[in-house]
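Notes follow once the structure below has been shown.
There are 2 protein chains.
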Amino acid sequence: MGRGADGLSIGDVAKATGLGVHALRFFEREELFLREIPRTAGGRRVYGPADVEWLLLCNRLRESGMPIATLKRFARLVRSGPGNEAERLALLEEHERTVRDRIAELTASLEIIHGKVVTYRKHVEEGTAAGLWSPAPTA
Amino acid sequence: MGRGADGLSIGDVAKATGLGVHALRFFEREELFLREIPRTAGGRRVYGPADVEWLLLCNRLRESGMPIATLKRFARLVRSGPGNEAERLALLEEHERTVRDRIAELTASLEIIHGKVVTYRKHVEEGTAAGLWSPAPTA
DNA sequence: TTAGAATCTAGAGTGTGATCTAGGTCAAGC
DNA sequence: GCTTGACCTAGATCACACTCTAGATTCTAA
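In order, the protein sequences belong to chains D and P.
For the first sequence, our numbering assigns the number 11 to the initial residue and increments by one for each residue that follows.
For the second sequence, our numbering assigns the number 11 to the initial residue and increments by one for each residue that follows.
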């Protein structure tokens with residue numbers, strides 16, 4: 011953007027958040043922002059730093075597996091102002107549990123995968139790799 | 011299924027692996043098995059225990075985020091017999107790295123989310139929750 | 001022997017989350 | 001003034017991984 015204050019164009023915000031401009035417009039259609047994003051006289055979106063901060067949290071929530079639908083619920087709660095903090099808390103606690111479960115699941119899978127890797131590595135190093143897994147699984 | 015030996019019907023395998031029968035047929039179309047699944051005279055699939063074991067590993071790989079395309083590459087390597095163990099190892103090592111990275115990412119997000127939870131919890135308990143996040147983000 | 005459950009194939013449909021297209025409009029620098 | 005690049009909308013399309021449909025066939029058990 012450029013001129014006074016700190017209004018940010020959609021391109022600026024895309025750069026700042028890593029989200030594409032298409033994604034930002036999509037987020038807006040989906041009502042994932044905490045407010046109506048204002049426009050210039052010419053109809054262009056003008057974002058503020060708080061929008062960027064919110065998007066950065068959204069990124070964290072999204073990349074930790076929160077679906078858009080849940081993010082939308084959270085955004086709606088925040089948008090509707092003070093008074094529902096217990097609900098927001100419950101939503102975040104639930105998500106925290108989900109993330110912990112996911113980490114546990116991944117860790118369990120990792121152990122199995124690592125076991126396979128160790129086995130293959132040993133066999134490949136020893137040149138005894140034949141029959142690691144063909145008709146009947148061995149490793 | 012039921013009669014002699016241990017041939018398993020698609021329904022048996024679905025039960026044993028948690029995959030749906032549709033998914034099993036899909037896997038076959040996608041060449042994700044380590045062999046051609048034999049058929050009865052009537053054209054029904056007859057699976058063996060090794061197929062189930064392979065599917066259980068597939069489940070681990072899938073649920074740890076391996077895309078079907080990669081699983082397919084791995085299956086193709088195993089199917090094409092001994093001699094490519096180094097490639098299989100490389101594929102698994104790569105996936106192991108991916109999973110570790112994912113866990114690290116989730117752990118980082120978790121910390122941030124947990125931070126939010128703690129903040130909200132404190133405010134909700136104290137009844138001082140107002141303004142936690144409205145026009146200007148505070149927490 | 002016959003009903004009903006399970007299976008078969010080929011192909012269409014679904015949900016999620018973007019991402020892109022077409023056909024413009026707006027704005028900044030030369 | 002004009003070029004150029006960023007931006008606009010609405011809607012189509014994509015990728016992934018299933019999941020289901022339709023209509024026919026096969027198997028099992030009463």
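The beta carbon of each residue, even a glycine, is placed where N, CA and C say it ideally should be.
Since this is a predicted model, take the numbers as computed values, not measurements.
Item	Value
Is there a Cβ of chain P sitting closer than 7 Å to that of V127(D), yes or no?	yes
For E135(D), collect the residues of the same chain with a Cβ closer than 8 Å to its Cβ; drop the 5 residues on either side in sequence, then sort them by chain order.	none
With distances taken Cα to Cα, identify the nearest neighbour of H124(P) among V109(D), K126(D), T129(D).	V109(D)
So what does DSSP say about L18(D), is it helix, strand or coil?	strand
Whose CA, out of V127(P), A96(P), I78(P), R131(P), lies closest to the CA of A33(P)?	I78(P)
Note down the Cα distance separating F37(D) from A85(D), rounded to an integer number of angstroms.	11 Å
Looking at L42(D) and L81(D), is the spacing between their C-beta atoms short of 7 Å?	yes
I want to verify the contact list: residues of chain D whose CB lies under 7 Å from the CB of A85(P), in sequence order.	What A85(P) touches in chain D: nothing, since even the nearest Cβ is about 10 Å away.
So what does DSSP say about R54(P), is it helix, strand or coil?	coil
Which of the three DSSP states is assigned to R45(D) in this structure?	coil
Starting from L67(P) and walking both ways along the alpha helix (DSSP H), at which residues does that stretch end?	59 to 73
So R70(P) packs on S119(D), CB below 8 Å; how close in whole Å?	5 Å
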